[in-house]
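Heads up: the sequence shown begins at 551 in this note's numbering, then just goes up one per residue. Even for Gly, the Cβ is constructed at its ideal location relative to N, Cα and C. Inspection log for the structure reproduced underneath, given as structure tokens.
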Amino acid sequence: MADTIHWADFIAEDVLNKSGKHLVATGITPSGHIHIGNMREVVTADAAYRALLDRGADARLIYIADNYDPLRKVYPFLPESYAEHVGKPISEVPCPCGECANYAEHFLKPFLEALRRLGINPEVYRADEMYRAGMYTESIKSALVKRNEIAKILEEVSGKTVTEEWSPFNPRCNECGKITTTKVTGFDLEVETVDYVCACGHSGTVPMAGGGKLTWRVDWPSRWAVLGVTVEPFGKDHASRGGSYDTGKRIAREIYGHEPPYPIVYEWIMLGKQGAMSSSTGVVVSISDMLEVVPPEVLRYLIIRTKPEKHIQFDPGQPLLTLVDDYERLREKFRKNDPSLGDFEKRIYELSRATGICHPEIPFKQMVTIYQVARGEFGQVLKIVKRSGFSIEDEKCIRELTDNVSRWLELYAPPFVKFSVKEKVPVQVATLSELQKAFLGAFADLIEAREKISGEEYHMLVYSAKEEGSELNRLIAEKLNEPVPQAEPKDLFKAIYTAILGQSSGPKAGWFLSSFEKKFLITRFREASTYIPEKRG
């Protein structure tokens, strides 16, 4: 049975039955390259947020950067010198490139820029600032006082034994700066401090405000209560039985008196044949890198069209063109107000678009052809775009699409998509038959006689060669001085590609031919029709 309501609208309706004011939250630890697998979380949150707004709800969208989490290990992309920083909050670890305030900002800055390019503009919270500002202080007090109750919840829900020395709060050592090697030895609710001893040999006292952080399974429900979170997407790992959402629900209700947020559980994005993306394993394509290759609305479409609980297979090579084609067909139906466009498809399109991002008219595949015909020169790209019947008013948008195509050709395009226009008639023309050469000469005459030819017209003209009595058929007969034998369009297209590219195939012929100036095509086809290879020696 076909879907009749989009998943984002279903969520919005469901949560609005419970209350009218909503805070949609999303949060990611910037411990490595924030990849398009993570993008699923923020686009999912944005879709739910927009669906709520569309229903007149009082809603906000926030993003929490978990930059007070510790550096877990020396990841494959880090030098071994980072071993000394393992265990420190990533907001206090040096930036890998030396140009950002800290390690977390190194990965956070390009991610936030990528969100802007995707048309997603949440309020941004940084965990270290939240802790230092004292936003978590009351939560920390409650957790320390109710340590045994929390431990009991953790054991009952997760099935794991909590050690005697376990604490819901991890102090940050004043000496080594780590939060993974300390143990709580006492606390003072009046002065809001925590005493600790560290594995480095140091012991001391830290303030609750910024002197450490709650462990993840307590931090998460605490955050819900502190901020008033009502809706939150998260990966299936957190949703597993006995996982952090299960423990968080009880901690939120029983310790903090807050109803847990509506859960939107999402599946992973699989990268080609490499499996689920993960910053720690290096199986990753960052959102920033992908936005250099794919228009933002297409990346949104990748997430929006699939229910969160279904995994997504993503391959930036040839399958990417299929994804783009699917989106562009939907876009075209919307623009033409196609009666076959149902409400469900229309909603997918609406949520794939966003304010502040480019919406180019030119099909991605056609730009692949235009870019290569123009040899990458942007001024020439604009001329071809105009000649192809598109507006060049939004030059910024055209440049973004040009840049996308350039990077895709460089990084992911399969060899058969690439081509280069030969400066002279390629020697491969010598392999063409007399019929193919006569066709090229006749085609040149026909092009010259016509004032303007669209891509579609070019395509249909080639097919007309086999129609007895057509203008092109008559011109070919004149070149051959005899009736035209059966002219197979595939052989004629082969002649076109051979004359221009020196290869037997190429991009969609209509787009391809309409990308060239008529003068070039007339000259090239006439030269090819009479081509005789140079004799050597």
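Check: Residues of its chain near VAL1034, where Cβ-Cβ distance is below 7 Å and the 5 sequence neighbours each way are ignored; Outcome: ASN1023, ILE1026, ALA1027
Check: Among TYR899, TYR1008, ILE912, nearest to SER941 - alpha-carbon criterion; Outcome: ILE912
Check: Rounded straight-line distance, which links the Cα of ALA693 to that of ASP559; Outcome: 36 Å
Check: Simplified DSSP state of VAL955, which is helix, strand or coil; Outcome: helix
Check: ASN954 versus VAL843: straight-line alpha-carbon distance, rounded; Outcome: 4 Å
Check: Stretch pair the segment 744–758 + the segment 779–789: three plus CB contacts closer than 8 Å; Outcome: no
Check: Sequence-distant residues of its chain with Cβ nearer than 6 Å to ARG622 (five each side left out); Outcome: none
Check: Outcome for MET551 when other beta-carbon atoms lying within 10 angstroms are tallied against a minimum of 16; Outcome: Confidence at MET551 is low in this model, with a pLDDT of 40, below 50, so its placement is unreliable and no value can be given for it.
Check: Cβ pair THR732, CYS748 closer than 8 Å; Outcome: yes
Check: Beta-carbon proximity check, ILE612 vs PRO672, cutoff 8 Å; Outcome: yes
Check: Whole-angstrom distance between TRP774 and ARG697, CA atom to CA atom; Outcome: 19 Å
Check: Outcome for ASN1031 when other beta-carbon atoms lying within 10 angstroms are tallied against a minimum of 16; Outcome: exposed
Check: DSSP state of SER836 mapped onto helix, strand, coil; Outcome: strand
Check: Beta-carbon proximity list for GLU563, same chain, < 7 Å, skipping 5 on both sides; Outcome: none
Check: Complete beta strand (DSSP E) runs within the segment 727–775 (minimum length 3 residues, chain order); Outcome: 732–738, 743–748, 753–757, 762–764
Check: Run of the beta strand (DSSP E) containing GLY785, from where it starts to where it stops; Outcome: 781–785
Check: Assigned secondary structure, MET827 (DSSP; H/G/I helix, E/B strand, else coil); Outcome: The predicted position of MET827 is uncertain, since its pLDDT is 49 and thus under 50; a value taken from the coordinates is nonetheless stated next. Here MET827 sits in coil by DSSP.
Check: Straight-line Cα distance separating ARG800 from LEU1125; Outcome: The requested residue 1125 is not part of the displayed model; the chain covers only 551 to 1087.
Check: Closest residue to PRO910 among GLY991, VAL977, PHE1043, GLU882 (Cα-Cα distance); Outcome: GLU882
Check: Residue from LEU990, LYS933, ASP839, LYS728 with nearest C-alpha to PHE657; Outcome: ASP839
Check: Supposed close pair THR780, PRO811 - CB separation, criterion 8 Å; Outcome: 5 Å
Check: Backbone CA spacing between GLU679 and VAL935 [nearest angstrom]; Outcome: 49 Å
Check: Distance between TYR1047 and LYS968 (C-alpha atoms, nearest Å); Outcome: 13 Å
Check: Touching by the beta-carbon criterion (3+ pairs, under 8 Å), the segment 1001–1018 and the segment 1063–1079; Outcome: yes
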